[in-house]
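Every number in the working numbering is 31 more than the matching position in the sequence shown, counting from 1.
Reading through the structure tokens given below for one structure.
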Amino acid sequence: MVDWLILLINIIYLLTGILEYYLAPKIGPNPYLGFKIGYTFADREVWDKTNRLMGKFSIVHSLILFPSILIPNFLIYYLILFIIPLVAFIPFGIRYAAIQLEKKGAISENVSPKRLEGINVGKFWSLSPIVLYLLLIAFEFITYPSLPDVIAVHFDAAGNPNGWSSRGSFILSYSLFALFAPAFSYLFIFLGKKYPMYIHPGKMRFPRDAFLKTTILSMDITTITLIFVYFSIYIYAVKKFVVPLSWYIIVTVILIIFPLGYLLYKWRR
32 MVDWLILLIN IIYLLTGILE YYLAPKIGPN PYLGFKIGYT FADREVWDKT
82 NRLMGKFSIV HSLILFPSIL IPNFLIYYLI LFIIPLVAFI PFGIRYAAIQ
132 LEKKGAISEN VSPKRLEGIN VGKFWSLSPI VLYLLLIAFE FITYPSLPDV
182 IAVHFDAAGN PNGWSSRGSF ILSYSLFALF APAFSYLFIF LGKKYPMYIH
232 PGKMRFPRDA FLKTTILSMD ITTITLIFVY FSIYIYAVKK FVVPLSWYII
282 VTVILIIFPL GYLLYKWRR
């Protein structure tokens, strides 16, 4: 993990918030940009209000995160400040959209979100998050004995290590951090079964399970990327060889294409 890479990620996060606030309301409901849930897809006004709210949050949140990058050994602080507010605010955004739709009378007592048939994504999508996470844990378990007691876990833009950790502390923190992706997937799988309106495509021309599967796929890609990052740290620890950062960028961009391609395929069908 490189300083300027985290800085770039935060800049992208800021730009995403700006686009969500200004552009998403102008475009209207779409499968690519905005707070894409069933409640916002159901009504244009709800889409506009909710995206302005979530856009404001992303802008403020990203600006708050910038100073944390300047703290020595900042990564742990950055991750805490990034994940906790995000996990707390997403349910708030969902509830806000639901309230806005209820106020408009688009949801009545006779058409309750709980009365919609639950969405079942099937065994493959239900198992892929835990299988990939266990694959990472297995790799960590297999490689742990060959790791030195102290390993480099952070690198500058030139590829020189500038942050270290004990192998036990690194494995534990990395495993806990990687758990976020499958946990997020299973949260949405639960919502799909119990409260399908959250992820219903609304008036969009998509199958009911398209956005749920796309969310799972995105989280699976996150886990795959973390596996690549772990192996780069491991290779440096045992071979003193730095995997070029460009490879991570190329692999990540290629992997990100898959969720967008899946949605485009479903939309055109």
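Backbone N, C-alpha and C define an ideal beta-carbon position, used for all residues, glycine too.
Keep in mind the model is a prediction, meaning the values are calculated, not measured.
query, result
"For residue 194, the residue or residues it bridges with in DSSP", "185"
"Within 7 Å, strictly: CB atoms of residue 50 and residue 64", "yes"
"Contact set for residue 177: own chain, Cβ-Cβ below 7 Å, skip 5 residues either direction", "269"
"Cut-off 8 Å between Cβ atoms - residues of its own chain near residue 75, not counting five sequence neighbours on either side", "59 and 60"
"contact_flag[the segment 152-161, the segment 213-224] where n(CB pairs < 8 Å) is 3 or more", "yes"
"Proximity of residue 149 and residue 227 at Cβ, strictly below 7 Å", "yes"
"Delimiting residues of the alpha helix (DSSP H) encompassing residue 252", "241-270"
"Simplified DSSP assignment, three categories, for residue 143", "For residue 143, the predicted structure reports a pLDDT of 47, less than 50, and the residue's modelled location is therefore unreliable. The matter cannot be settled from this model."
"Inter-residue Cα distance where the pair is residue 154 and residue 98", "43 Å"
"With 16 other Cβ atoms within 10 Å as the buried cut-off, status of residue 93", "buried"
"Alpha carbon of residue 69 to alpha carbon of residue 230, nearest angstrom", "5 Å"
"Per-residue burial, residue 48 [other beta carbons within 10 Å of its own, 16 or more giving buried]", "buried"
"Cβ neighbours of residue 67 in the same chain (closer than 7 Å, five flanking residues each side left out)", "242"
"Limits of the unbroken alpha helix (DSSP H) element including residue 66", "Unbroken run through residue 66: none, as it is neither H nor E."
"Proximity of residue 181 and residue 240 at Cβ, strictly below 7 Å", "no"
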